[in-house]
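Enquirer: Taken in order, the sequence shown gives residues 1328 to 1407; the numbers are from this note's numbering.
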Amino acid sequence: MDAQLLISVLSGCFILLGVLALLIGARGLLRLPDVYCRIHAVGMIDTAGASFIILGLAIHEGVSLVSVKLLFIGIFLFFT
């Protein structure tokens, strides 16, 4: 298997996992009964989904300045 194909498949899987996590969070936002449950569900899943998408983009980009910027975005997202 070619290395570029492996990188594309791996990054696509992480991006897809992040999108699915965000869709599950959106469903929880619509289905949960009160505001506090909604905030908790979306806050947890939002960070996980965005982190998976950022990881997939960083893998797709390889070692470059864009990956460093994505790393800083991920760190900022983690602390906020």
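Ideal Cβ positions, reconstructed from N, Cα and C, are used throughout, including at glycine.
1. What separation, rounded to the nearest whole angstrom, lies between the Cα atoms of S1338 and I1386?
2. What residues in its chain sit with their C-beta under 7 Å from that of G1352, if we drop five residues either side in the sequence?
3. How far does the alpha helix (DSSP H) with S1338 in it extend, from its first residue to its last?
4. Let me confirm a value: G1389 is counted as buried when at least 16 other C-beta atoms fall within 10 Å, else exposed. Which label applies?
5. State buried or exposed for A1330, treating a residue as buried only when at least 16 other CB atoms are found within 10 Å of its CB.
Expert: In short:
1. Straight-line Cα distance between these residues: approximately 6 Å.
2. Taken in chain order, the residues that qualify are A1368, V1369, I1372, D1373, G1376.
3. 1330–1358 is the extent of the alpha helix (DSSP H) around S1338.
4. G1389 comes out exposed.
5. So A1330 counts as exposed.
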